[in-house]
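Peer 1: One structure coming up, written as structure tokens, with questions to follow.
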Amino acid sequence: MWEVLYRANPHSHLKTRINAHKHSVKTLEKEPNSVDTTALRTHARGEGHTFKFENTKILGHEENEFKREVREMILIERNKESAVNKRSDVQSLSKVYSNAIHTIFRENPGITNSPLPSSTNQFIP
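For the sequence shown, the numbering used here assigns the number 1 to the initial residue and increments by one for each residue that follows.
Set out below in structure tokens:
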């Protein structure tokens, strides 16, 4: 089983989204030639990984769409190796910011992959 960072549109209910992903991955066994409709399914097919859906955690909450998208880009960029997302999710992130993100986390090893600060959660290094 593989633990990955996953971000989903907050407008979809978590249980519904998880069930849809479970179903999508299960159909790979029944219909191996079917079209991949999500990054998660594409990853499961390409890497042969399984997922611990029962360990899903919400990493943060942000009502403001722009702030939420920036936070998501930072989390995805920071966790490139374990993020299962279409790379289009970070295409609008400048290389300057990408380098800054990696420098900050490299120079501050005490910083974890905790949610980024917002009005509804606190950053805990």
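In this text, a Cβ means the ideal position worked out from N, Cα and C, and glycines have one as well.
None of the values given here were measured: they were computed from a predicted structure.
1. Rounded to whole angstroms, what is the Cα-Cα separation between residue 51 and residue 26?
2. If you follow the alpha helix (DSSP H) that residue 18 is in, where does it begin and where does it stop?
3. Evaluate residue 17 with the Cβ neighbour count: other Cβ atoms within 10 Å of its Cβ, from every protein chain shown; 16 or more gives buried, anything less gives exposed.
4. Take residue 148 as the anchor and find which of 73, 109, 64, 79 has the nearest alpha-carbon.
5. Roughly how many whole angstroms lie between the Cα atoms of residue 97 and residue 43?
6. Alpha carbon to alpha carbon, how far is residue 41 from residue 81?
7. Cα separation between residue 84 and residue 78?
8. Relative to the alpha-carbon of residue 46, which residue among 68, 23, 28 has its alpha-carbon at the smallest distance?
9. Report the partner residues of residue 105 according to the DSSP bridge assignment.
10. By Cβ distance below 7 angstroms, which residues in the same chain neighbour residue 64 in space, the five residues on each side in sequence not counted?
Peer 2: According to the structure data:
1. Within the sequence shown, numbered from 1, the residue matching residue 51 stands at position 51. Within the sequence shown, numbered from 1, the residue matching residue 26 stands at position 26. Taking the straight line joining both Cα atoms gives about 11 angstroms.
2. In the sequence shown, counting from the first residue as 1, residue 18 sits at position 18. Start and end: 14 to 30.
3. On the sequence shown, position 17 is the one that residue 17 refers to. Classification of residue 17: buried, given that the 10 Å Cβ count is 16 or more.
4. This structure does not reach residue 148, given that the chain is present from 1 up to 125, and the question cannot be answered.
5. Stepping through the sequence shown from its first residue, residue 97 is reached at position 97. Stepping through the sequence shown from its first residue, residue 43 is reached at position 43. Rounded to whole angstroms, residue 97 to residue 43 spans 26 angstroms at the Cα level.
6. Translated into the one-based positions of the sequence shown, residue 41 becomes position 41. Translated into the one-based positions of the sequence shown, residue 81 becomes position 81. In a straight line, the C-alpha of residue 41 is about 17 angstroms away from that of residue 81.
7. On the sequence shown, position 84 is the one that residue 84 refers to. On the sequence shown, position 78 is the one that residue 78 refers to. Distance between the alpha carbons of residue 84 and residue 78 is about 12 angstroms.
8. Here residue 46 corresponds to residue number 46 of the sequence shown, with the count starting at 1. Closest option to residue 46, Cα to Cα, is 28.
9. Here residue 105 corresponds to residue number 105 of the sequence shown, with the count starting at 1. Partner(s): none; residue 105 has no beta bridge.
10. Counted from its first residue, the sequence shown places residue 64 at position 64. Here the set comprises nothing.
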